[in-house]
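Taken in order, these protein sequences are the chains called A and B. For what it's worth, the working numbering labels the leading residue of the first sequence as 1, then goes sequentially. For what it's worth, the working numbering labels the leading residue of the second sequence as 1001, then goes sequentially. Built from N, CA and C at the ideal position, the CB exists for glycine as well. On a predicted model such as this, the values are computed, not experimentally measured, just so you know.
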Amino acid sequence: MGSISNLLEVRGVTKVFRYGLLGFKFKAIEDISMVLEEKPLIFTVAGESGSGKSTLAKIILDIYRPDKGTVLYRGRDIYRLSSKERLWFRSEVQAVFQNPYSSFNPMRRLYSYLYETSRNFMKLKNIDADPEEEIDKTLRLVGLTLDEIRYKHPHELSGGQLQRVSIARALLSRPKLIVADEPVSMLDASLRVNILNIFREIKENLGISFIYITHDLSTAYYISDYIAIMYRGWIVEQGPIEKVFKDPKHPYTQLLLESIPEPDLSKKKEWLQPIKLGGIEEKEYIAEGCKYRFRCPFAFDKCRRTPPDIKLGDSGIVVKCWLYEK
Amino acid sequence: MSGYPETVMEVDRLRGGYIQQRGDTQVYVDAVSSVSFRVYRDEVLGIAGESGCGKSTLVKILYGLVKYPLIVREGSVFIDGGDGKIDLTKVDDDYKKRHVWWRIISYIPQNSMSVLNPLQKIKDHFAENLRIHMGIDKAQAYRRAVDYLLDMGLQEDVIDAYPHQLSGGMRQRVVIALALLMKPRVVLADEPTTGLDVIVQRGVLQNLLENQKRFKSSLVLVSHDIGIHAMVTNRLIIMYAGKLVEIGNTNDIISDPKHPYTEALIESLPKLGDKSLRKGLGGQPPDLRSPPKGCRFHPRCPFVMDICRSREPPPIEINGNRVVSCWLYK
Ligand SMILES: Nc1ncnc2c1ncn2[C@@H]1O[C@H](COP(=O)(O)OP(=O)(O)OP(=O)(O)O)[C@@H](O)[C@H]1O
Ligand SMILES: Nc1ncnc2c1ncn2[C@@H]1O[C@H](COP(=O)(O)OP(=O)(O)OP(=O)(O)O)[C@@H](O)[C@H]1O
Ligand code: SF4
Ligand code: SF4
Ligand SMILES: [Mg+2]
Ligand SMILES: [Mg+2]
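Set out below in structure tokens:
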């Protein structure tokens, strides 16, 4: 039994795929642990393409089952819920995905989706309210109104508008946690920040937590409280975002942060410092020991063995690297 | 650069777009609308703007790759190949194949997979190009190709692979190596690093940049990411809805944007170490089949005036090296 004072606990989760990109059995995520405390917060999971972010999201959403480890929601193992509890879990934890057009049936009016979601939820919670009013109220939270979308089909809205509708749909069941997998990466820069601002407001005003999955570290910094950096299926570093960004500990995090092209001219000189490119991607997935050791400038003997997760004092930072072994 | 920069390409009131068939009627998508600018020798010129604003269309026309439904309606694209100027909109594909493509100008398309032949090994892509254009033998060609691939951080054995055996990032780098092979005067790169992670992106861009410097060539780099422009480009074009709305030194544009659209774009970008509230733009970019009259940004512009709704703002030069298309500066 986990602690009820935590909203979510991911404990030593591993997921093995048999026919991945590489054509053999490999661990898309391996021995991953993280904790979201009860207070409202935004927790970013960042990492390059294929590092396992979506796999982790799907495990938390109970779309995939882990091969090892488990996930606790408010102290309860989400893979061992009764059917009643499962309904409760499904309303408490909601998802928003990258492509809003693929989360709606193009033939159906948006309103009918929202209506159905709202009605189901009210039935579950025995709430007696007017779904229409609920829907309008919720749409207003994301900068839309029911009048604007009532007769619309998905393709009649822009990507940004439709993404707002999917956030509204997630909010209708009054969740405590929203897992958002690349929710803004299809949107243009000047529209992206509008959605991020909505997340910020929802967190502050409604007390809802987010797991924000992204490969974009600038937007991550803008909205998050915590961050986990993934590399080849591992979380190599996690902790309060201010600390991780100010003083990254893991050699991969260090190079990653330094490589972000930012609209900030003072960073140009450092960014232009030549780096070497590796061509050894496959080896890294199957290698024993630290997966970063083929590129790591600090690699030493010990790195042939898998590094443990090391807690750095009471900083809240956990880093998976032998350099920090005491 | 000292004195007057040498012009390598000159784009003059270029207008081009797509024919769309709608039942019996045809509509025209005005994707590049009266665009003028120059590409100088020994510079990196960036093109930025949001999805659908016409960046790829512009670059395709610059390369001379104009195939139905894309058409050029007006204007010209001059390129100086070292012995005189030619207008790429006026010569046929056969001429371009023999004299222009790969040697004077090369192109890394947005979807670079489309450049590679799935039935050909990587080395044969290189060999063919080298044979046609330089008349060097197979063994020499392979050696040259391997050098380029190593430069791109790829391993030698990539040369024996078929395109589908490589990851997206590796294929992207192969295409870049191919584009640099003939030492062209101008390299057009359309979002060359999308889909790559930021570390590989940094390495690949550094590589393009080094190549540009070594040969004092010109790199035209399309990216929607202003961060990339800040790191890599010398001058920057901002496009909005088929129009060139602003051009100037990248540093100036980022630190002091003039056009209201550029300003909104820069203002919307979150920065590391800064959590202060950022504001995005309201509204949507227009449909290029029926763009708004007057200034195309007017429905979203916070400074809109009467004149903006009826008359199109001309390009206006301010402090020497900046051009802005906006009535605020007249
Ligand atoms: N259902 C599946 N079957 C087999 N392999 C899979 C499956 N889903 C994902 N993978 C593989 O697992 C690895 C991790 O994938 P995942 O989608 O979690 O990455 P990601 O970090 O979300 O990447 P992206 O940023 O591209 O979305 C990848 O190599 C992927 O090809
Ligand atoms: N083959 C085509 N037929 C009709 N319209 C097209 C075609 N290709 C592009 N367009 C339209 O032309 C306009 C400009 O497209 P273009 O691809 O040049 O934009 P872009 O700036 O490169 O966008 P992105 O950042 O998404 O790559 C868009 O409105 C697009 O929908
Ligand atoms: S464990 Fe070793 S190889 Fe891995 S990141 Fe740390 S120092 Fe580098
Ligand atoms: S011309 Fe008018 S509408 Fe257009 S950007 Fe300038 S002020 Fe705004
Ligand atoms: Mg993913
Ligand atoms: Mg494009």
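Can you check whether the C-beta of residue i is within less than 8 Å of a C-beta belonging to chain A?
i	result
B/Met1001	Unreliable placement is indicated for B/Met1001, whose pLDDT of 46 sits below 50; the coordinate value is still reported in the next sentence. Judged by the 8 Å Cβ criterion, B/Met1001 is not in contact with chain A.
B/Glu1050	yes
B/Pro1258	Sequence check: residue 1258 of chain B is Lys here, not Pro. Chain A, which has no Cβ nearer than 8 Å to the Cβ of B/Lys1258, makes this no.
B/Lys1121	no
B/Ser1056	no
B/Ile1318	no
B/His1164	no
B/His1298	no
B/Thr1194	no
B/Val1066	no
B/Met1152	yes
B/Asn1251	yes
B/Gln1206	yes
B/Ala1177	no
B/Asp1042	no
B/His1224	yes
Restricting to Cα atoms, I'd like to know which of the options is closest to residue i.
i	options	result
B/Val1328	B/Thr1194, B/Cys1308 and B/Met1009	In the sequence on display, residue 1328 of chain B carries Leu and not Val. Looking at the Cα atoms, B/Cys1308 is the closest of the given residues.
A/Phe17	A/Tyr64, A/Val93, A/Asp264 and A/Leu8	A/Tyr64
B/Val1232	A/Tyr226, A/Ile235, A/Pro263 and A/Glu242	A/Pro263
A/Asp128	A/Arg119, A/His250 and A/Lys246	A/Arg119
B/Met1113	B/Val1245, B/Leu1219, B/Gly1168 and B/Arg1311	B/Gly1168
A/Asn99	A/Leu172, A/Asp147, A/Leu114 and A/Pro154	A/Pro154
A/Gly313	A/Glu325, A/Ile195 and A/Val142	A/Glu325
A/Ile235	A/Leu272, A/Thr306 and A/Val184	A/Thr306
B/Asp1190	B/Lys1330, B/Ile1019 and B/Leu1205	B/Leu1205
A/Ser173	A/Cys290, A/Ser91 and A/Gly316	A/Ser91
Report yes if the C-beta of residue i is less than 7 Å from at least one heavy atom of ligand 3; otherwise report no.
i	result
A/Leu312	no
A/Leu257	no
A/Trp322	yes
Can you name the residues that DSSP bridges to residue i?
i	result
A/Leu8	A/Leu36 and A/Tyr73
B/Gln1021	B/Gln1026
B/Arg1214	DSSP, once it has assigned bridges, lists no residue as partnering B/Arg1214.
A/Pro240	A/Tyr226
B/Met1113	Beta-bridge pairing links B/Met1113 to no other residue.
B/Glu1246	B/Ile1238 and B/Val1324
A/Val96	A/Ala180
A/Ser209	A/Leu177
B/Val1011	B/Phe1037 and B/Val1077
B/Glu1317	B/Val1323
A/Asp309	A/Lys320
Does the Cβ of residue i lie closer than 7 Å to at least one heavy atom of ligand 1?
i	result
A/Thr44	no
So that I know if they touch, is there some Cβ in chain C lying closer than 8 Å to that of residue i?
i	result
B/Met1231	Although the question refers to chain C, the structure presented lacks it and instead comprises the protein chains A and B.
Report whether the distance from the Cβ of residue i to the nearest heavy atom of ligand 6 is below 7 Å.
i	result
B/Glu1191	yes
A/Lys276	no
Under the criterion of a Cβ to heavy atom distance below 7 Å, does residue i qualify as lining ligand 5?
i	result
A/Glu327	Given that chain A is displayed from residue 1 to residue 326, the structure contains no residue 327 of chain A and the question cannot be resolved.
B/Asp1197	no
B/Lys1293	no
B/Ser1114	no
Is any heavy atom in ligand 2 found nearer than 7 Å to the beta carbon of residue i?
i	result
B/Gln1020	yes
Less than 8 Å between CB atoms is the rule here; does residue i satisfy it with respect to chain B?
i	result
A/Tyr292	no
A/Cys321	no
A/Ala287	no
A/Ile275	yes
A/Lys194	Residue identity differs from the one stated: residue 194 of chain A is Asn in this sequence, not Lys. Judged by the 8 Å Cβ criterion, A/Asn194 is in contact with chain B.
A/Tyr324	no
A/Trp88	no
A/Phe210	no
A/Trp234	no
A/Phe104	no
A/Phe24	no
A/Glu85	no
For ligand 4, is there any heavy atom lying closer than 7 Å to the beta carbon of residue i?
i	result
B/Met946	Chain B is shown from 1001 up to 1330; residue 946 of chain B falls before or after that span and cannot be answered.
### Message
Whether or not the region 1237–1246 of chain B and the region 1278–1293 of chain B are in contact is what I'm after, with contact meaning three or more pairs of Cβ atoms, one per stretch, closer than 8 Å; do they touch?
### Response
yes
### Query
Does the count of Cβ pairs from the region 1160–1167 of chain B and the region 1095–1110 of chain B closer than 8 Å reach three?
no
### Task
Would you check if the region 1104–1118 of chain B and the region 1141–1157 of chain B touch, i.e. whether three or more CB-CB distances between them fall below 8 Å?
no
### Query
With a cut-off of 8 Å, do at least 3 Cβ pairs link the region 1007–1020 of chain B to the region 1073–1080 of chain B?
In short, these stretches touch, since the Cβ pair count reaches three.
### Query
For the 8 Å Cβ check, are there 3 or more pairs between the region 141–157 of chain A and the region 97–116 of chain A?
Flag = yes, the region 141–157 of chain A and the region 97–116 of chain A touch.
### Task
Assess, as a yes-or-no matter, whether the region 42–50 of chain A is touched by the region 215–231 of chain A under the definition of 3 or more beta carbon pairs within less than 8 Å.
Segments in contact, yes.
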